[in-house]
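*Asks:*
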Amino acid sequence: MTVATDNSESGPMISLRDLRVRYGEREILHGINMEVRRGETLVILGGSGSGKSTLLRTLVGLEKPSSGEIWLKGKNIAAISDEEMDEIRRKMGMSFQSGALFGSMTVGENVGLPLREHTKLENSTIEIMTRLKLEQVGLAGFEDYFPSELSGGMKKRAAVARALSMDPEILFFDEPSAGLDPIIAAGIDQLILELKQAFHMTIIVVTHELASAFLIADQMVYIDKGYIIAQGTPAEMKANPLPRVRQFFDRVAEPEVEQELDYLQMLTAEHHHVKR
Amino acid sequence: MLAYLGALVRLSFQAAGYAFVAPFRGRPLRLDRAFAQAMEVGVRALPVLSLITFFIGLILAMQGAYELRKFGAIHFVADAVAISMTRELGPLITAIVVIGRSGSAFAAELGTMKVNEEIDALETMAISPVQFLVTPKFLAMILMLPCLTIWANFMGVLGGSLFGVWKADFAWVGYMHATLDALFLRDIVTGLIKSVMFGITITAVGCSEGLATGTGAESVGKSTTSAVVVSIFLVVIVDLVFTTIFFFVGG
């Protein structure tokens, strides 16, 4: 079976075909199908343990799928060599939940690192580009600070600057507003919107913050127990009648889980209201 | 167990590839990181290593003299210290000091980076963690361990000479001459070969324990502990293997 791929500007930037990921015996993602168009912002929603972070890690190549296809810019990254993956990664940026800045380097060195490793640019050029990226995220003048000297929100911004340093076509965010106060979190949302408008980047965000999700999303998918059970525009999602989706959006508590077995079932078991 | 050893060997070969093959394929080697590591692994270890090996030399002299004086051969104490330092204790004590200072630090550093998603971040930036983090450590260790061992040998002999002058009627220059007469180049070289192997072992264990760290601060502690324990064990095994080889190949 071959799947037609579209390399042209209008085709999907990312497309997943029956993607399955397992850790050892346990399957985490049970056949994910979805598409992300160029320039679109996709928000992946889901509760803790739903598999949304695994999906993101698989998309950036940190987890290997057990089966299925991930077409990214016309290449199936589930079946390419490490060298080809590294080529694609130079056009991707990822902002991690904790920021994942290198503690032994200054903010400036962190942001300039991909340029220093992958390009032959002069140090002075790299410094200028670093300053520009930091200005873009509102951290001008913080080059010489160490990550430990920054607040949580500033660390996130610095991490975004680093993700932007190679001028990526696709930007991934893992829980961009987790652990931030509402004002700082709103600032990060604003930053994502700016990036989207200014550079037409394809942006993929994993989050469980509803307000932020509805603000930034063009498309949303809702993942539950390793299945996509709902997808659509924010308006479509708001109108979605599925009980699981309603429960998430209306913030209804999960019934107590008492037994280990129930908990495992909650994470992995088949359930019957799978859409499509 | 075999799988673990296989992983260590693979990590070493990967690092060797980045150090000696990749530069010819347009991926230049960044020596500045290796120099920084060499500073940390080598130069900063000097004070504590000097003190320890000086005392070890002194202890060796006293222990040797205890037996030698029964035969009225106390002047052989210089030979005893020189040979046991260069062939065995110099490399071994150096390795153990380096395990305590650097093997543990490698595991803790890489483990913390793993927990903080920094290793993942490197990979998403298309920077190989082995190339960026592990290779400089290998280079630094392979360079610095023999250097430290030579220094340790010298400090051990110096410690022995203290006893020689004090209790065995040596003049200091005479003790040094006796030491030089006792040593063959072979004694020193076999010790240095061992020290290079120790360096590779310590780096491979420290780094692979660090990279295998799970989640949470607690697992960083665990990988640091096992880096030290496994390193000491494997260094002794490597020592045994190479001493056996040297013994049978024209010992």
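Residue numbers (the numbering used here), protein chains in the order written: chain A, 1 to 276; chain B, 1001 to 1251.
We put the CB at the ideal spot given by N, CA and C, even for glycine.
#1: Quick check on DSSP: helix, strand or coil for V274 of chain A?
#2: Just curious, the beta strand (DSSP E) that P12 of chain A is in, first and last residue?
#3: Only counting the same chain, and skipping five residues up and downstream in sequence, which positions put a Cβ closer than 7 Å to that of G1164 of chain B?
#4: Using a Cβ cut-off of 7 Å, pull out every chain B residue sitting near Y60 of chain A, in sequence order please.
#5: Can you list, in chain order, the residues of its chain with a C-beta nearer than 8 Å to that of A1182 of chain B? Leave out the 5 residues immediately preceding and following it.
#6: Please report the straight-line C-alpha distance between G1100 of chain B and E109 of chain A, rounded to a whole angstrom.
#7: For P12 of chain A and G74 of chain A, I'd like the C-alpha separation in whole angstroms.
#8: Are the stretch 1151-1165 of chain B and the stretch 1049-1063 of chain B in contact at 8 Å, needing three or more beta carbon pairs?
#9: Alpha carbon to alpha carbon, what distance is there between G1206 of chain B and F1106 of chain B?
#10: How big is the Cα-Cα spacing for A1065 of chain B and I1056 of chain B?
#11: So which residues of chain A does E1040 of chain B contact, with C-beta pairs closer than 8 Å?
#12: Taking only heavy atoms of the ligand GDP into account, decide whether any of them is closer than 8 Å to the Cβ of T1203 of chain B.
#13: Counting only runs that start and end within the stretch 216-247 of chain A, where is the alpha helix (DSSP H) found for 4 or more residues in a row?
#14: Are the beta-carbon atoms belonging to V1098 of chain B and P1146 of chain B less than 9 Å from one another?
#15: Taking only beta carbons into account, state which residues of the stretch 1108-1133 of chain B come closer than 7 Å to chain A, listed in chain order.
#16: DSSP three-state call for D174 of chain A: helix, strand or coil?
#17: So which residues of chain B does E117 of chain A contact, with C-beta pairs closer than 7 Å?
#18: Based on the DSSP secondary-structure assignment, which residues constitute the bridge partners of K75 of chain A?
#19: What number of angstroms, rounded off, separates the C-alpha of K196 of chain A from the C-alpha of L19 of chain A?
#20: Which partner residues of R1027 of chain B appear in the DSSP bridge assignment?
#21: Would you tell me roughly how many angstroms separate the C-alpha atoms of F1248 of chain B and F1233 of chain B, rounded to the nearest one?
#22: Rounding to the nearest angstrom, what Cα-Cα distance links F1138 of chain B and L1192 of chain B in this structure?
#23: Is I70 of chain A near L16 of chain A, with beta carbons less than 9 Å apart?
#24: So is L1240 of chain B buried or exposed if we call it buried at 16+ other beta carbons inside 10 Å?
#25: Per DSSP, what are the beta-bridge partners of V205 of chain A in this structure?
#26: Going by other Cβ atoms of all chains shown within 10 Å of its Cβ, with 16 needed for buried, is A213 of chain A buried or exposed?
#27: Just the C-alpha distance for K91 of chain A and F1132 of chain B, rounded to the nearest angstrom, thanks.
#28: Are the stretch 215-223 of chain A and the stretch 191-205 of chain A touching by the rule of at least three beta carbon pairs closer than 8 Å?
#29: Taking only the alpha-carbon atoms, compute the straight-line gap between Q1004 of chain B and L1068 of chain B and give it to the nearest angstrom.
#30: Within its chain, find whatever has a CB closer than 8 Å to the CB of V36 of chain A; leave out the 5 residues flanking it on each side and keep chain order.
#31: Within this structure, are the beta carbons of L134 of chain A and E122 of chain A separated by less than 9 Å?
#32: Going straight from the alpha carbon of F146 of chain A to that of T106 of chain A, what length do you get?
#33: What residue does the alpha helix (DSSP H) around R116 of chain A start on, and which one ends it?
#34: Since P114 of chain A meets chain B, which of its residues come closer than 8 Å, beta carbon to beta carbon?
#35: Under 9 Å between C-beta atoms, does Q136 of chain A make it to chain B?
#36: With distance defined between alpha-carbon atoms, name the residue in B:G1111, B:V1236, B:A1126 nearest to R355 of chain A.
*Replies:* With the structure as the only source:
#1: Residue confidence is low: V274 of chain A scores 42 on pLDDT, short of 50, so the model does not pin down where it sits. No coordinate-derived value is stated.
#2: For P12 of chain A, the uninterrupted beta strand (DSSP E) run begins and ends at 12-23, by DSSP.
#3: Within the same chain, G1164 of chain B has close Cβ partners A1061, V1077, A1078, F1170, Y1175.
#4: It should be pointed out that residue 60 of chain A corresponds to Val in this sequence rather than to Tyr. By Cβ distance, chain B contributes T1124.
#5: Within the same chain, A1078, D1079, A1082, I1083 come within 8 Å of A1182 of chain B by CB-CB distance, once the 5 residues on both sides are set aside.
#6: If you take the alpha carbons of G1100 of chain B and E109 of chain A, they lie about 30 Å apart.
#7: When rounded, the distance between both Cα atoms is 9 Å.
#8: Output reads yes: the stretch 1049-1063 of chain B touches the stretch 1151-1165 of chain B.
#9: Straight-line measurement puts the Cα of G1206 of chain B at about 5 Å from the Cα of F1106 of chain B.
#10: Spanning the two alpha carbons is a distance of roughly 14 Å.
#11: Neighbours of E1040 of chain B in chain A, taken as residues whose beta carbon is under 8 Å from its own, are absent, since the nearest beta carbon is some 11 Å off.
#12: Of ligands this structure carries none, so the ligand GDP is not represented either.
#13: Runs found: 234-238.
#14: No; because the gap between Cβ atoms is not below 9 Å, this pair is not in contact.
#15: So the list reads N1116, E1117, E1118, D1120, A1121, E1123, T1124, M1125, A1126, I1127, given in the order they occur along the chain.
#16: Per DSSP, reduced to three states, the secondary structure at D174 of chain A is strand.
#17: Residues of chain B whose Cβ lies closer than 7 Å to the Cβ of E117 of chain A are, in chain order, I1127.
#18: According to DSSP, which records beta bridges pairwise, K75 of chain A is partnered with A:L72.
#19: Each residue's Cα considered, the two are about 27 Å apart.
#20: Note: R1027 of chain B sits in no beta bridge, so no partner.
#21: Rounded to the nearest whole angstrom, the C-alpha separation of F1248 of chain B and F1233 of chain B is 23 Å.
#22: Straight-line Cα distance between these residues: approximately 16 Å.
#23: In this structure, I70 of chain A lies near L16 of chain A, with their beta-carbon atoms less than 9 Å apart.
#24: By the 16-neighbour rule on beta-carbons within 10 angstroms, L1240 of chain B is exposed.
#25: As a beta-bridge residue in DSSP terms, V205 of chain A pairs with A:V43, A:F173.
#26: With 16 or more other Cβ atoms inside 10 Å of its own Cβ, A213 of chain A counts as buried.
#27: Taking the straight line from one Cα to the other gives about 20 Å.
#28: Touching, yes.
#29: According to the sequence provided, residue 1004 of chain B is Tyr. The question's Gln does not apply to it. About 44 Å.
#30: Cβ neighbours of V36 of chain A beyond the five flanking positions: P12, M13, I14, S15, L42, T202, I204, Q219.
#31: Cβ distance not < 9 Å, so L134 of chain A and E122 of chain A don't count as in contact.
#32: Distance between the alpha carbons of F146 of chain A and T106 of chain A is about 4 Å.
#33: Annotation for R116 of chain A: the continuous alpha helix (DSSP H) segment containing it runs 107-118.
#34: Neighbours of P114 of chain A on chain B, chain order: M1125, A1126, I1127.
#35: Among the residues facing chain B, Q136 of chain A is not included, as its CB has no counterpart in that chain under 9 Å away.
#36: This structure does not reach residue 355 of chain A, given that chain A is present from 1 up to 276, and the question cannot be answered.
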